[in-house]
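Each remark here refers to the structure printed beneath this line.
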Amino acid sequence: MKNAKRVAIEAALKSGRFIKGSVGKTYNISYKGRDNLVTDIDKKSEHMIIDRISSAFPEHSILSEESSPRSGAGPYKWIIDPLDGTTNFAHAFPFFAVSIGLERSGKIEMGVVYDPMRDELFYAESGKGAYLNGKKIHVSRTKRLTDSFLATGFPYGRRRKGDNVKYFRKFLVRSLAVRRAGSASLDLSYVACGRFDGFWEMGLHPWDSAAGMIIIEEAGGSVTTFAGSDYTPYHNKILAHNGNIHEEMVMFLKK
Ligand code: IPD
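Each step along the sequence shown adds one to the number in our numbering, with nothing skipped, and position 9 is 429.
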């Protein structure tokens, strides 16, 4: 898709810089559930991204975290998280990102994840590799779960969405270490560039994983469901890893 890369990167950089400039300032917080907050910065960031994308591609569909879906005419759908890691942002904990994925006829073709605090731009396009600030990236080569540095997340509405604590406990004792940093799109990007060896989470939404998924696949890793079958961003259980620790992780996630 001509210009899609440029538009996605420009939108991610612009809204990311706006978010960075808003850290620690006053903003309004509202709640989508007891533990799921949203700030007016999420909404302003979303507005900026959707404006940019819909003026470049008025016929495309848009699925974005803070607004109602828009259906367009053709096969393309943008899947957007305008501020992934809102709780971190609202506490000035510097781990959050802008995540923009592009789906074509049900398949993710392109993804951009931008961390404005570190000025790190992760990017991938189907068949063209994955990049961090323009340099090609690759998943880690760690071979065994016992040596693996893992990440996970705990979804909002934890009481309804099942118990990740049981998996957390299993992996904590069987891996090198587990982190819960609070931005799924960045966790996935960190698997892609080899900082983490694997990541799992339940209760995710398409906007949390669409961009990160293709970044990992293009970096040589793999993304599946907990059972090890094909993943799309519409599944809510995700397992992402470097390709070597798949069987061991699936074994513990199946139980
Ligand atoms: C959240 C973050 C978090 C994950 C949650 C997501 P949001 O996204 O990605 O790491 O554990 O499941 O909902 O709401 O901050 O955009």
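For glycine and all other residues, C-beta sits at the position ideal for the given N, C-alpha and C.
- Closest in C-alpha terms to Tyr-551, from the list Gly-531, Pro-626, Gly-494, comes Gly-531.
- According to DSSP, residue pairing for Phe-569 in a beta bridge involves Ala-597.
- Collapsing the DSSP output to three states places Phe-516 in coil.
- If you ignore the 5 residues before and after His-480, its C-beta comes within less than 8 Å of the C-beta of Ile-473, Ser-474, Gly-492, Gly-494, Tyr-496, Lys-497, Trp-498, all in its own chain and listed in chain order.
- Per DSSP, Ile-500 lies in no alpha helix (DSSP H) segment; the continuous beta strand (DSSP E) that holds it begins and ends at 496-504.
- By the C-beta density criterion, Ala-647 is exposed, having fewer than 16 other C-beta atoms within 10 angstroms.
- One thing to note: Ala-597 has its Cβ within 8 Å of the Cβ of Phe-569.
- For Leu-541, the enclosing beta strand (DSSP E) covers residues 540-545.
- Looking at the DSSP output, Leu-608 sits in no beta bridge, so it has no partner there.
- Relative to the ligand IPD, the beta carbon of Thr-507 is positioned inside 7 Å of a heavy atom.
- Considered as a whole, the segment 426-496 harbours 460-476 as its complete alpha helix (DSSP H) runs of no fewer than 4 residues, in chain order.
- The three-state secondary structure of Asp-628, taken from DSSP, is helix.
- In summary, Glu-638 is buried, with 16 or more beta-carbon neighbours lying within 10 Å of its beta-carbon over all protein chains present.
- Take the alpha-carbon of Asp-583 and the one of Ile-636: they are about 26 Å apart.
- Within the model, the alpha-carbon separation for Ser-525 versus Asn-553 is close to 28 Å.
- For Met-530, the enclosing beta strand (DSSP E) starts and ends at 527-535.
- When rounded, the separation of the alpha-carbon atoms in His-661 and Lys-555 is 20 Å.
- Here Gly-573 is buried. Its C-beta has 16 or more other C-beta atoms within 10 Å.
- Between Ile-658 and Leu-565, the gap from beta carbon to beta carbon reaches 8 Å or more.
- For Met-622, the uninterrupted beta strand (DSSP E) segment begins and ends at 618-622.
- Residue pairing of Glu-523 in beta bridges, as defined by DSSP: Lys-497, Ile-528.
- Taking a cut-off of 8 Å on C-beta distances, the segment 587-597 does not touch the segment 439-448, as fewer than three cross pairs fall below it.
- Around Ser-519, the same chain offers Asp-501, Asp-504, Val-533, Ser-605, Ala-631 as residues with beta carbons nearer than 6 Å, after the five sequence neighbours per side are excluded.
- Take Tyr-610, set aside five residues on each side of it, and the residues of its chain with a beta-carbon closer than 6 Å to its own are Phe-616, in chain order.
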